[in-house]
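Below is one structure, written out as structure tokens; the observations come after it.
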Amino acid sequence: MKHIFLYNPAAGQGEAKALLEAAVAQHEGCELYVTRGPRDATAYIEERLAASPGERLCFVACGGDGTINEVASGVADHKNACFTVYPCGSGNDFVKVFGGRERFWDMDALLAAEPAPIDILKVDDRWCINVFSFGFDTSVLKTMNAVKRKPLMGGKRAYYVGIVDALMKSMKTGCSITVDGEPFFEGDILLCTFANAQYVGGSFKCAPRAQVDDGLIEVCLVKPISRFSFVKLIGSYTAGTHLEDPRMKDILLYTRAKKLTVESARGLLPVSLDGEVIERKRFTVEIVPGGVNFALPKAKE
Numbered sequence: 003m004k005h006i007f008l009y010n011p012a013a014g015q016g017e018a019k020a021l022l023e024a025a026v027a028q029h030e031g032c033e034l035y036v037t038r039g040p041r042d043a044t045a046y047i048e049e050r051l052a053a054s055p056g057e058r059l060c061f062v063a064c065g066g067d068g069t070i071n072e073v074a075s076g077v078a079d080h081k082n083a084c085f086t087v088y089p090c091g092s093g094n095d096f097v098k099v100f101g102g103r104e105r106f107w108d109m110d111a112l113l114a115a116e117p118a119p120i121d122i123l124k125v126d127d128r129w130c131i132n133v134f135s136f137g138f139d140t141s142v143l144k145t146m147n148a149v150k151r152k153p154l155m156g157g158k159r160a161y162y163v164g165i166v167d168a169l170m171k172s173m174k175t176g177c178s179i180t181v182d183g184e185p186f187f188e189g190d191i192l193l194c195t196f197a198n199a200q201y202v203g204g205s206f207k208c209a210p211r212a213q214v215d216d217g218l219i220e221v222c223l224v225k226p227i228s229r230f231s232f233v234k235l236i237g238s239y240t241a242g243t244h245l246e247d248p249r250m251k252d253i254l255l256y257t258r259a260k261k262l263t264v265e266s267a268r269g270l271l272p273v274s275l276d277g278e279v280i281e282r283k284r285f286t287v288e289i290v291p292g293g294v295n296f297a298l299p300k301a302k303e
């Protein structure tokens with residue numbers, strides 16, 4: 003099986019390119035492609051698969067969660083192709099469900115990994131491999147993207163600017179949600195996640211029970227709370243103990259589903275799709291069981 007490494011030069015660890023070039027030179031049947039901008043990885047994979055029908059190809063996402071999304075989107079629904087990950091981005095939430103980055107850094111194990119089908123979310127005309135979320139955390143991300151290159155507010159400070167802005171402006175988001183065709187919630191929320199994997203936002207274990215091959219979406223909704231309560235409860239949400247935390251009993255709704263819709267109560271609804279913010283009035287999200295092939299390296303004993 004041929005491996006094509008798709009490296010995002012805008013990802014967090016710039017030294018990764020030299021490591022990848024050395025790995026490609028040392029291993030037969032490997033190629034390196036440097037992406038040129040947003041969605042380029044998806045377009046490249048689609049063109050490559052169209053030009054090589056029947057050839058077994060494994061595309062390696064070299065970057066963060068955005069790169070992983072683009073690579074998974076290109077491979078989805080192609081039975082002769084798979085993807086894996088060389089995590090070298092600033093955010094790598096998806097790989098945490100498998101134990102973290104280190105499992106994917108052993109190049110020999112990565113190249114020897116056999117593909118197996120895992121689930122993927124279909125979001126209208128887009129794909130989502132990790133988490134679809136909206137509310138507070140999406141507001142944080144939207145502000146971060148707006149200020150990350152500005153003096154004084156950019157860089158590592160952008161996250162804290164996003165948090166402060168969301169605490170001031172985004173403690174409530176109005177929406178209506180249906181679960182498998184039945185009404186689930188209507189009103190204001192603090193945040194909500196539709197998850198295929200477990201982590202979102204760099205450190206939050208939003209869906210601790212999620213599995214990437216169970217054919218189900220984990221739905222976790224938190225109702226609006228005071229800023230004081232937010233500070234007290236955020237540790238539980240970060241650690242992934244919120245589903246059992248008695249303090250969350252009256253403010254948390256949790257279920258599993260195969261198909262969901264969410265509609266904004268007021269204008270466009272900003273959502274985070276694997277870390278990319280998009281805005282629409284209404285979204286339909288459904289699970290595609292075994293919709294993409296993923297090559298998981300064996301864990302070290």
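Residue numbers (the working numbering): 3 to 303. Every residue, glycine too, gets a C-beta built ideally from N, C-alpha and C.
Residue environment analysis places Pro-299 among the buried positions, since at least 16 neighbouring C-beta atoms fall within 10 angstroms of its C-beta.
Under the three-state reduction of DSSP output, Glu-23 falls in the helix class. No Cβ-Cβ contact shorter than 8 Å links Gly-91 with Gly-204.
Residue pairing from DSSP places Trp-129 in a beta bridge opposite Lys-124. Taking each of Lys-124, Glu-116, Val-87 in turn and checking the Cα distance to Gly-293, the smallest one comes out for Lys-124.
Excluding sequence positions up to five before and after Ser-178, its CB lies within less than 6 Å of the CB of Glu-188, Glu-265, all in the same chain and listed in chain order.
By the Cβ-count criterion, Ser-75 is buried, with 16 or more other Cβ atoms from all chains shown falling within 10 Å of its own Cβ. The Cβ atoms of Leu-22 and Tyr-9 sit closer than 8 Å to each other. Where Ser-54 is concerned, there is no enclosing alpha helix (DSSP H), because DSSP gives it neither an H nor an E. For Asp-167, the enclosing alpha helix (DSSP H) covers residues 159-171. In summary, Thr-243 is exposed, with fewer than 16 beta-carbon neighbours lying within 10 Å of its beta-carbon over all protein chains present. In the three-state reduction of the DSSP assignment, Asp-42 falls in the helix class.
In this structure, Asn-295 and Ala-83 form a Cβ contact; the two beta carbons are roughly 7 Å apart against a cut-off of 8 Å. A direct Cα-to-Cα measurement between Glu-220 and His-5 gives close to 32 Å.
Taking Phe-285 as reference, the option from Met-109, Met-146, Val-166, Ser-135 with the minimal CA-CA separation is Ser-135. Unbroken beta strand (DSSP E) stretches of 3 residues or longer found wholly inside the segment 214-273: 219-224, 254-259, 261-266, given in chain order. Rounded to whole angstroms, the gap between the alpha carbons of Pro-210 and Leu-218 is 13 Å. According to DSSP, residue pairing for Ser-178 in a beta bridge involves Glu-188, Glu-265.
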